[in-house]
Every structure is written in C-alpha cells, then in structure tokens.
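Our numbering applies: residue 23 is where the sequence shown begins, and numbers increase by one.
Built from N, CA and C at the ideal position, the CB exists for glycine as well.
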Amino acid sequence: MQIPSAPPDTSPERTPATRDIMITVNGKDEVISVAPWSTLLDTLREQLDLTGTKKGCDHGQCGACTVICDGKRVLSCLTLAVMRNGSAITTIEGVEGPDGLHPLQQAFIDHDAFQCGYCTPGQICSAIGLLAEGRAKTREDVKELMSGNLCRCGANIGIIDAIMEVKDGGTHE
Ligand code: FES
Ligand code: FES
Numbered sequence: 023m024q025i026p027s028a029p030p031d032t033s034p035e036r037t038p039a040t041r042d043i044m045i046t047v048n049g050k051d052e053v054i055s056v057a058p059w060s061t062l063l064d065t066l067r068e069q070l071d072l073t074g075t076k077k078g079c080d081h082g083q084c085g086a087c088t089v090i091c092d093g094k095r096v097l098s099c100l101t102l103a104v105m106r107n108g109s110a111i112t113t114i115e116g117v118e119g120p121d122g123l124h125p126l127q128q129a130f131i132d133h134d135a136f137q138c139g140y141c142t143p144g145q146i147c148s149a150i151g152l153l154a155e156g157r158a159k160t161r162e163d164v165k166e167l168m169s170g171n172l173c174r175c176g177a178n179i180g181i182i183d184a185i186m187e188v189k190d191g192g193t194h195e
C-alpha cells in the first residue's frame, strides 16, 4: 500500500513572502525585500524606480532588459533578484562617467543608432558587456555577439557603426 506523502509545508515560516537582499545598483547599496519569484527586471523598475531598463518580451528573446551584473551582461527578465544577492549591477542610469556620457552613449547619438529608443538601454548595456568580453574582433563578430538585442525600428546599421567606433577607438565614420 502506498503511503500518501505529506502535503507541502506552506506555513509562513517555511515560505516567506519576501526575502531581504543587498545589491549595489549604480554604485549605491540597496537593501530591499523581494518576493522569491521577482525578476531582477521588475525589481529594478518597480522597487528602485530605475525604468531605463525596458521590458520587451519578458521571455529572454529581445534583449531590451539587458543590464550589467558583476561585469557581465545579463537578461534581467530571466534573472531572479534573489539570485543576485550581493551583486553589483549597472543599469543605463549608471553608465555615464564623471566626464559625462559613456562613449557608447555618445556614439549612439553620433550614428543615429536609435529611433523610438526602446531597445537602446539594452543595446548600450549589452555593448558595454561585449566590449569588456574582448571577443569581438570584426564587424561580423559584433553583429553576431549583439544578435540577442533586437531593434524593431531597424536602427541596426547605426548600432553596429556606433559599437565599432568605440571598439576601434573612434576610427569609423
Ligand atoms: S525583456 Fe528580457 S529579453 Fe526581452
Ligand atoms: S530604436 Fe526602436 S526598437 Fe530600437
């Protein structure tokens, strides 16, 4: 005879509604309570008011939600906030340096690398991660390694031009 298994323990002590995490966002330490199922994307946008990071598909398919986490680009819609306890996160609001715009921000302006701008924060964060990885040697490499970031406005040529300019130190028109 099969012994029925005990029902899951859903008492508040076993399944807390929220957990406290500490993350550093754009250089600022934040202690926040998050539900175990909250994505990093929703946490940034809804709890920290950092709405520069965009929600496009919410399924890992468009790249609009890309942020930099401990130096690497990640899709914040596929990342649970609790997984990033203790991490340092940079969003588009934090890429500017003490001297002003990040070179990629300036290059995007110079190359008309956006139209509606919805994909742009993710494109720039992804490009920062791409350049830090150091794997892209050619324009084709850049196109391939940026292929997770979609632009439905068709600004792709300008986006790749802008990234190439920064990658090669301002040698592209
Ligand atoms: S919103 Fe995250 S990949 Fe589309
Ligand atoms: S500029 Fe509109 S989606 Fe890229």
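Residue nearest to residue i in terms of C-alpha spacing, selected from the options
i	options	result
ILE111	ARG95, ILE179, LEU123 and CYS99	ARG95
GLY144	GLY122, THR113 and THR160	THR113
TRP59	ASP71, ILE179 and VAL104	VAL104
SER169	GLY156, LEU152 and GLU115	LEU152
LEU72	LYS50, ASP183, GLY93 and ALA57	LYS50
THR160	ILE150, PHE136, GLU187 and CYS175	GLU187
TYR140	LYS189, CYS79 and ALA184	CYS79
LYS77	LEU63, LEU70 and ARG41	LEU63
CYS147	ASP163, GLU166, GLU162 and GLU118	GLU118
ASN107	ASP190, PRO120, ASP42 and LYS189	ASP42
CYS173	ILE131, PRO120, THR142 and THR61	THR142
Proximity of residue i and residue j at Cβ, strictly below 9 Å
i	j	result
THR75	VAL56	no
SER109	ILE45	yes
HIS124	GLY180	no
LEU66	GLY82	no
GLY93	ALA158	no
ASN48	GLY116	yes
ALA184	ALA129	yes
CYS175	GLN137	yes
Whole-angstrom C-beta distance between residue j and residue i, which should lie under 8 Å
i	j	result
ASN178	GLY85	Not a contact, Cβ separation roughly 12 Å.
LEU102	CYS87	Actually they are not in contact, since the Cβ atoms of LEU102 and CYS87 sit about 13 Å apart, beyond 8 Å.
LEU255	ILE150	No information on residue 255 is available, as it lies outside the stretch 23 to 195 that the chain covers here.
Limits of the unbroken alpha helix (DSSP H) element including residue i
i	result
ASP132	125-132
ARG161	161-167
CYS147	142-155
Run of the beta strand (DSSP E) containing residue i, from where it starts to where it stops
i	result
MET186	Looking at the DSSP string, MET186 is not in any beta strand (DSSP E); the run it does join, the alpha helix (DSSP H), is 178-189.
ALA110	110-112
SER55	50-56
MET44	41-47
VAL96	94-97
THR88	88-91
**Prompt:** If you measure from each residue's Cβ to the nearest non-hydrogen atom of ligand 1, which ones come out under 6 Å, in chain order?
**Reply:** LYS77, GLY78, CYS79, ASP80, GLY82, GLN83, CYS84, GLY85, ALA86, CYS87, LEU97 and CYS99
**Request:** Give me every residue whose Cβ sits closer than 5 Å to any heavy atom of ligand 2, in chain order.
**Result:** PHE136, GLN137, CYS138, TYR140, CYS141, CYS173, ARG174, CYS175 and ALA177
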